[in-house]
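K.L.:
Heads up: take any position in the sequence shown, counting from 1, add 30, and you land on this note's numbering. From the three backbone atoms N, C-alpha and C, an ideal C-beta is built for every residue, glycine too. Handing you a structure now.
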Amino acid sequence: MKCDKCFHGAIIHQKYSGMHLCKRHFERDVERKVKYSIRRYKMIDQGDIIAFALSGGKDSTVLLHIVHSLFKDRPDIRFIAISVDEGISGYREKTLKTAKQVCKELNILHEIASFEDQFGLTIDQMADRGERSPCTYCGVFRRLTLNRTAKELGATKLATGHCLDDEAQTVLMNLLRGDIERLVRLMSTKKPGLVPRIKPLRNVPEKETALYALSKELPILFEECPYANISLRAEIRDMLNVFEVNHPGTKYSLMKSFDILTKYLKKEIKGVDLRRCSICGEPTMGDICQTCKLLKIIGSHR
Ligand code: Q46
Ligand code: ZN
Ligand code: ZN
31 MKCDKCFHGA IIHQKYSGMH LCKRHFERDV ERKVKYSIRR YKMIDQGDII AFALSGGKDS
91 TVLLHIVHSL FKDRPDIRFI AISVDEGISG YREKTLKTAK QVCKELNILH EIASFEDQFG
151 LTIDQMADRG ERSPCTYCGV FRRLTLNRTA KELGATKLAT GHCLDDEAQT VLMNLLRGDI
211 ERLVRLMSTK KPGLVPRIKP LRNVPEKETA LYALSKELPI LFEECPYANI SLRAEIRDML
271 NVFEVNHPGT KYSLMKSFDI LTKYLKKEIK GVDLRRCSIC GEPTMGDICQ TCKLLKIIGS
331 HR
């Protein structure tokens, strides 16, 4: 099949747009989506120090490469990468190696922060002790670790590799839980005490970040975390993927609906009144933050 924009062979058929694209036009399309999100949601300002959450997986590596190539000639913008070592044996060591390699190639300062140092336990140990899915601990502890480290490094933005699929899953997961208030708060980018988050890949489907990584020959591993298939998110992911095949554009439609919904809901759901956690001092909505609650469950004394 030929590319719809030139005479070269197509490497992708985007069912949701109806387009066939060759290598060059596909790469441009992904980069255009990233530029659009950055502009539309005013993600980057003059003088920003952007900390990238870099796991070494495909999404975060693609994110760093694209944003770096877009802004590398701007002397006022600085980049830092933060990798979180959750302590997932047999998996994280490999992706950290890739993350190090990527930062070396792009000449970017790379900081590694581990759960063991921060909380006294690895995620493998938490999985043994905890009553909940390891991803519950991992998500909460990773958010805190990233925020803490970004703050310590003086970052003004924290960029994460969440792509369209991740965002659509989060929306659907919270809708199904009936927790729309939490959803609006979760998705809001600015909260007092937290480094503002940006998600420049929010309009790029996961399959396209993978293809972009292959097309650009980026050094990444396509391995999955061993815990990835035992969460509610995994069920939602599979369900959404089936819908996307049968009804192309479902994930975009879901995000579009959510964007419209938040516009109205933000007026109803007042700004988050964050207080300081009475145990650790981190920002929280209640008396004790989620991290401290979970640390208590797994019996860590940090
Ligand atoms: S790293 Fe952590 Fe993910 Fe592994 S334990 Fe779950 S949340 S699946 S993005
Ligand atoms: Zn083309
Ligand atoms: Zn706390």
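Is T314 near ligand 3, in the sense that its beta carbon is under 7 Å from a heavy atom of that ligand?
P.N.:
On the sequence shown, position 284 is the one that residue 314 refers to. Yes, the beta carbon of T314 sits closer than 7 Å to at least one heavy atom of ligand 3.
K.L.:
Quick check: the Cα distance between M269 and S163, rounded to an integer number of angstroms?
P.N.:
Residue numbering aside, residue 269 sits at position 239 when the sequence shown is read from its first letter. Residue numbering aside, residue 163 sits at position 133 when the sequence shown is read from its first letter. Distance between the alpha carbons of M269 and S163: 19 Å.
K.L.:
Any heavy atom of ligand 2 inside 7 Å of the beta-carbon of L241?
P.N.:
Along the sequence shown, one-based indexing puts residue 241 at 211. Remark: the shortest separation between the CB of L241 and any heavy atom of ligand 2 does not fall under 7 Å.
K.L.:
With DSSP as the reference, identify every bridge partner of M49, one or two as the case may be.
P.N.:
Translated into positions along the sequence shown, residue 49 becomes position 19. According to DSSP, which records beta bridges pairwise, M49 is partnered with Q44.
K.L.:
Does G39 come out as helix, strand or coil in the three-state DSSP assignment?
P.N.:
For the purposes of this step, residue 39 is taken as residue 9 along the sequence shown, with counting starting at 1. Strand at G39.
K.L.:
Does DSSP put D103 in a helix, a strand or coil?
P.N.:
Mapped onto the sequence shown, residue 103 falls at position 73. Of the three classes helix, strand and coil, the one that applies to D103 here is coil, per DSSP.
K.L.:
Does the stretch 34 to 53 come close enough to the stretch 224 to 232 that 3 or more CB-CB pairs lie under 8 Å?
P.N.:
no
K.L.:
Which partner residues does L22 have in the DSSP bridge list?
P.N.:
With the chain represented from 31 up to 332, any question about residue 22 goes unanswered, as that position is not in the structure.
K.L.:
Are the CB atoms of G184 and A129 within a distance shorter than 8 Å?
P.N.:
Numbered from its first residue, the sequence shown carries residue 129 at position 99. Numbered from its first residue, the sequence shown carries residue 184 at position 154. Not in contact: A129 and G184 (Cβ atoms no closer than 8 Å).
K.L.:
When you compare each of A198, F145, H140, D103 to T321 by their alpha carbons, which one comes out closest?
P.N.:
Sequence index remark: in the sequence shown, residue 321 carries index 291 (1-based). Nearest C-alpha to T321: F145.
K.L.:
For a test of your reading of the model: does the CB of G169 fall under 7 Å from any non-hydrogen atom of ligand 1? Yes or no.
P.N.:
As a working mapping, residue 169 is identified with position 139 in the sequence shown. Between ligand 1 and G169, a heavy atom-to-CB distance of less than 7 Å is present.
K.L.:
Is the stretch 194 to 201 touching the stretch 258 to 267 in the sense that three or more CB pairs, one from each, lie closer than 8 Å?
P.N.:
Result yes; three or more Cβ-Cβ pairs closer than 8 Å.
K.L.:
I'd like the ranges of any beta strand (DSSP E) spanning at least 3 consecutive residues and lying wholly in the stretch 122 to 170.
P.N.:
Qualifying beta strand (DSSP E) stretches, in chain order: 139 to 144.
K.L.:
Considering only heavy atoms of ligand 2 and the C-beta of each residue, which residues fall inside 7 Å, strictly closer?
P.N.:
C33, K35, C36, H38, L51, C52, R54, H55
K.L.:
For C52 and K65, what's the separation of their Cα atoms in angstroms?
P.N.:
The residue labelled residue 52 in the question sits at position 22 within the sequence shown. The residue labelled residue 65 in the question sits at position 35 within the sequence shown. Each residue's alpha carbon lies about 20 Å from the other.
K.L.:
What number of angstroms, rounded off, separates the C-alpha of L126 from the C-alpha of E298?
P.N.:
Within the sequence shown, residue 126 is the residue found at index 96, counting from 1. Within the sequence shown, residue 298 is the residue found at index 268, counting from 1. Near 42 Å, if we compare the C-alpha coordinates of E298 and L126.
K.L.:
DSSP state of I327, grouped into three classes?
P.N.:
Against the sequence shown, residue 327 aligns to sequence position 297. The answer is helix: DSSP assigns I327 an H, G or I state.
K.L.:
Identify the continuous alpha helix (DSSP H) that holds I266 and give its terminal residues.
P.N.:
Residue 266 sits at position 236 when you count from the first residue of the sequence shown. Where I266 is concerned, the enclosing alpha helix (DSSP H) starts and stops at 262 to 276.
K.L.:
Per DSSP, what kind of secondary structure is I79 in: helix, strand or coil?
P.N.:
The residue labelled residue 79 in the question sits at position 49 within the sequence shown. Strand at I79.
K.L.:
Between I327 and Q155, what straight-line distance do the alpha-carbon atoms span, to the nearest angstrom?
P.N.:
Counting from one through the sequence shown, the residue named residue 327 turns up at place 297. Counting from one through the sequence shown, the residue named residue 155 turns up at place 125. Each residue's alpha carbon lies about 13 Å from the other.
K.L.:
Output the distance between the C-alpha atoms of Y71 and R173, rounded to the nearest integer angstrom.
P.N.:
Counting from one through the sequence shown, the residue named residue 71 turns up at place 41. Counting from one through the sequence shown, the residue named residue 173 turns up at place 143. Approximately 21 Å between the Cα atoms of the pair.
K.L.:
Who are the near neighbours of F101 in its chain, counting only those whose CB is closer than 6 Å to its CB and skipping five residues on each side?
P.N.:
Taking the sequence shown and counting its residues from 1, the one referred to as residue 101 is at position 71. Cβ neighbours of F101 beyond the five flanking positions: I107.
K.L.:
Can you tell me which residues form a DSSP beta bridge with F288?
P.N.:
Position 258 of the sequence shown, counting from 1, holds the residue named residue 288. Under DSSP, F288 shares a beta bridge with no residue.
K.L.:
For I68, does the three-state DSSP call read helix, strand or coil?
P.N.:
Indexing the sequence shown from 1 puts residue 68 at position 38. Here I68 sits in helix by DSSP.
K.L.:
May I have the straight-line CA-CA distance separating N137 from D115, to the nearest angstrom?
P.N.:
One-based indexing of the sequence shown puts residue 137 at position 107. One-based indexing of the sequence shown puts residue 115 at position 85. Cα to Cα, N137 sits roughly 21 Å from D115.
K.L.:
Using the C-alpha atoms, what's the distance from D317 back to L99?
P.N.:
In the sequence shown, the residue the question calls residue 99 occupies position 69. In the sequence shown, the residue the question calls residue 317 occupies position 287. First, the residue type needs correcting, since residue 99 is Ser and not Leu in the sequence shown. In this structure, the straight-line span from the alpha carbon of S99 to that of D317 is close to 43 Å.
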